[in-house]
Amino acid sequence: MPATIIVGAQWGDEGKGKATDMLADTTDLVVRYQGGNNAGHTVIVGDQVFKLHLIPSGILYPHVTPVIADGVVIDPKVMLEELDGLEARGLDAFARVKGSGNAHLIMPYHRELDLLIERRLGKANLGTTKRGIGPAYADKASRVGLRFQDLFDEKIFRQKLEAALHHKNELLTKIYNRLPMDLEEIAEEYLGYADRLQGLLTDTTEMIHTSLEGGQHIILEGAQGTLLDLDHGTYPFVTSSNPVAGGALTGGGIGPRHVDRVIGITKAYITRVGAGPFPTELFDEVGERMTDIGGEYGTTTGRRRRVGWFDAVLARYANRVNGLTDLFLTKLDVLSEFETLKVATAYRYDGKVYENFPPHQSIFHHAEPVYEEVPGWGSDITEVEDYSDLPVEARDFVDLLEEQAQAPVTWVSIGPKRSQTLVRRDVPLVPGG
Ligand code: IMP
Numbered sequence: 000m001p002a003t004i005i006v007g008a009q010w011g012d013e014g015k016g017k018a019t020d021m022l023a024d025t026t027d028l029v030v031r032y033q034g035g036n037n038a039g040h041t042v043i044v045g046d047q048v049f050k051l052h053l054i055p056s057g058i059l060y061p062h063v064t065p066v067i068a069d070g071v072v073i074d075p076k077v078m079l080e081e082l083d084g085l086e087a088r089g090l091d092a093f094a095r096v097k098g099s100g101n102a103h104l105i106m107p108y109h110r111e112l113d114l115l116i117e118r119r120l121g122k123a124n125l126g127t128t129k130r131g132i133g134p135a136y137a138d139k140a141s142r143v144g145l146r147f148q149d150l151f152d153e154k155i156f157r158q159k160l161e162a163a164l165h166h167k168n169e170l171l172t173k174i175y176n177r178l179p180m181d182l183e184e185i186a187e188e189y190l191g192y193a194d195r196l197q198g199l200l201t202d203t204t205e206m207i208h209t210s211l212e213g214g215q216h217i218i219l220e221g222a223q224g225t226l227l228d229l230d231h232g233t234y235p236f237v238t239s240s241n242p243v244a245g246g247a248l249t250g251g252g253i254g255p256r257h258v259d260r261v262i263g264i265t266k267a268y269i270t271r272v273g274a275g276p277f278p279t280e281l282f283d284e285v286g287e288r289m290t291d292i293g294g295e296y297g298t299t300t301g302r303r304r305r306v307g308w309f310d311a312v313l314a315r316y317a318n319r320v321n322g323l324t325d326l327f328l329t330k331l332d333v334l335s336e337f338e339t340l341k342v343a344t345a346y347r348y349d350g351k352v353y354e355n356f357p358p359h360q361s362i363f364h365h366a367e368p369v370y371e372e373v374p375g376w377g378s379d380i381t382e383v384e385d386y387s388d389l390p391v392e393a394r395d396f397v398d399l400l401e402e403q404a405q406a407p408v409t410w411v412s413i414g415p416k417r418s419q420t421l422v423r424r425d426v427p428l429v430p431g432g
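Numbering (numbering that gives the first Met the number 0), first residue to last: 0 to 432.
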């Protein structure tokens, strides 16, 4: 059976956790393909709230195997804390979660360097999550990283750590004026995790392909979003991996012919955490209300998210770079209180109108949104059970987003619970599912 990619179509925090959890009902494997514990996926089941950072959202279904694939960066301490937390809540996380030996490790010096680099950038800092993500991916690209498999071979682990630390300590002491890090201390801590994590180590590529060949269905779950993509996002204000659909193929180790659905998750408005350009950002009372109603505070860092109106230029761009087959629209209910709603359909800069994502960064930095304004619906929609029962203004708004994004809206989420999701087009993820 084919695979489905779930990708953030904005700057992250679109509700991928909820979407993945809901769609995982009819799947067999949920595979995280990039990023690390910079992500924060919130899933609500009944009256229980789960906040996942590294473990794939499919963990909440007993029939799903959650897989952490090659493209992810693993902080083993965080991984253990998350596994322990899930076990404490009655989930057999240690037995079910699988981790690729090729996934890279986030080391203590990565976290330290993330902090120091940001500090050094001063006002020009990126506002990273300070989880060591950038430095870990940089080491991977420089071919000096340590991988998950290295935890289980003490000799190799020590050799690689010694080589890496030699260089990192030069950086820490000579450039950043810090104390050097101690090899023994790190080795003891990390090798100490090995025993408890040994059972997770799996040839995930083999597992994924055996599963596909056996007729099973796979969800490839992205973290962050298209506009935070290292290649296709608003560089340099991006993360250091590839959240786009292409990243699911390299990070998950599967070829394009296996994928038949690419679902873009998008809020009915847009948010961003950290620095970087944001054409539709709201600085007024409307923005404040949107932040409060939407509970727009980071799951990972607790930071207040920046908010703005839906940006259709970016939605079309995300549609193109991911090849979206569906949109999963989230948080429509957050807009219920607003009398009128806006959607940016283009940008204006220096007397010119841009309908597509501008090719030059400085145009995007100074882009002024061209808005279409439409009436709101002014009533609570969180209890609606059938799409056709939404107020006509809400349905018109969804039609407008679909027309502007040029991708079909299949699901509309009207609250955080699994049950608060309306099916707008009946196209099951798995035929017969
Ligand atoms: P990093 O991924 O920690 O290096 O942070 C780089 C940029 O990506 C910063 O602007 C972060 O705020 C942003 N970012 C990273 N992970 C997430 C996420 O899961 N949601 C939203 N923004 C994120």
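Heads up, the beta-carbon is just placed ideally off N, CA and C, and yes, glycines get one too.
Considering only the alpha carbon of each residue, which of V6, P1 and D149 lies closest to G245?
One-based indexing of the sequence shown puts residue 245 at position 246. Considering only V6, P1 and D149, the residue with the shortest C-alpha distance to G245 is V6.
Would you say L227 touches the ligand IMP, meaning its beta carbon is less than 6 Å from a heavy atom?
In the sequence shown, counting from the first residue as 1, residue 227 sits at position 228. At least one heavy atom of the ligand IMP is found less than 6 Å from the C-beta of L227.
What do you get for P358, buried or exposed, if any count of 16 or more other CB atoms within 10 angstroms of its CB means buried?
Indexing the sequence shown from 1 puts residue 358 at position 359. In the assembly as shown, P358 is an exposed residue. Its beta-carbon has fewer than 16 other beta-carbons within 10 Å.
When you compare only the Cα positions, how much space is there between D27 and V63?
Looking up residue 27 in the sequence shown gives position 28. Looking up residue 63 in the sequence shown gives position 64. Computed Cα separation, rounded: 5 Å.
Collapsed DSSP secondary structure at V352 in the structure displayed:
Here residue 352 corresponds to residue number 353 of the sequence shown, with the count starting at 1. DSSP places V352 in strand when its eight states are reduced to three.
To the nearest angstrom, how far is the alpha carbon of S387 from that of R424?
One-based indexing of the sequence shown puts residue 387 at position 388. One-based indexing of the sequence shown puts residue 424 at position 425. Rounded to the nearest angstrom, the two C-alpha atoms are 11 Å apart.
Rounded to the nearest angstrom, how far is the Cβ of V342 from that of E220, given a contact under 8 Å?
As a first step, residue 342 is located in the sequence shown; it is residue number 343 there, counting from the start. As a first step, residue 220 is located in the sequence shown; it is residue number 221 there, counting from the start. Contact doesn't hold; Cβ gap of about 28 Å is too wide.
Segment contact flag, the region 332-352 with the region 251-259, C-beta cutoff 8 Å, min 3 pairs
Verdict: no, contact absent.
Distance, Cα to Cα, H216 vs I264?
Looking up residue 216 in the sequence shown gives position 217. Looking up residue 264 in the sequence shown gives position 265. Distance between the alpha carbons of H216 and I264: 19 Å.
Return the CA-CA distance between L323 and R177, expressed in angstroms with no decimal places.
Here the question's residue 323 lines up with position 324 in the sequence shown. Here the question's residue 177 lines up with position 178 in the sequence shown. Looking at the two C-alpha atoms, the distance is approximately 46 Å.
Checking 7 Å against the spacing of the C-beta atoms, do P55 and R31 come in under that value?
Here residue 55 refers to the residue found at position 56 when the sequence shown is read from its first residue. Here residue 31 refers to the residue found at position 32 when the sequence shown is read from its first residue. Their beta carbons are under 7 Å apart, which means P55 touches R31 by this criterion.
Is N37 near the ligand IMP - that is, is its Cβ less than 6 Å away from at least one heavy atom of it?
Against the sequence shown, residue 37 aligns to sequence position 38. Indeed, a heavy atom of the ligand IMP lies less than 6 Å from the Cβ.
Using beta-carbon positions only, say whether D149 and P134 come within less than 7 Å of one another.
Counted from its first residue, the sequence shown places residue 149 at position 150. Counted from its first residue, the sequence shown places residue 134 at position 135. Between D149 and P134, the C-beta spacing is not below 7 Å.
Are G100 and L199 touching if we call contact CB-CB under 7 Å?
Numbered from 1 along the sequence shown, position 101 holds the residue referred to as residue 100. Numbered from 1 along the sequence shown, position 200 holds the residue referred to as residue 199. Result no, Cβ atoms of G100 and L199 do not sit closer than 7 Å.
Given G275, which residues of its chain have a CB within under 6 Å of its CB, disregarding the five upstream and five downstream residues?
Counting from one through the sequence shown, the residue named residue 275 turns up at place 276. Taken in chain order, the residues that qualify are T233 and F236.
I need the DSSP call for S141, collapsed to helix, strand or coil.
As a working mapping, residue 141 is identified with position 142 in the sequence shown. Residue state, collapsed to three classes: coil.
Does the ligand IMP have even one heavy atom less than 6 Å from the beta-carbon of D12?
Start at 1 with the first residue of the sequence shown, and residue 12 comes out as number 13. Yes.
Which class does S56 belong to by DSSP, given the choice of helix, strand or coil?
Taking the sequence shown and counting its residues from 1, one reaches residue 56 at position 57. In the structure shown, S56 sits in a helix (DSSP, three-state: H, G or I).
Where does the unbroken beta strand (DSSP E) through L428 begin, and where does it stop?
Taking the first residue of the sequence shown as position 1, residue 428 is located at position 429. According to the DSSP assignment, L428 belongs to no beta strand (DSSP E), since it is labelled neither H nor E.
Member of V320, T203, G98 and G126 whose CA lies at the smallest distance from the CA of N37
By 1-based counting over the sequence shown, the position of residue 37 is 38. With distances taken between Cα atoms, N37 lies closest to G126.
Sort Y189, K15 and T3 by Cα distance to V77 and report the nearest one.
Residue 77 sits at position 78 when you count from the first residue of the sequence shown. Selected option, being the one with the closest Cα: Y189.
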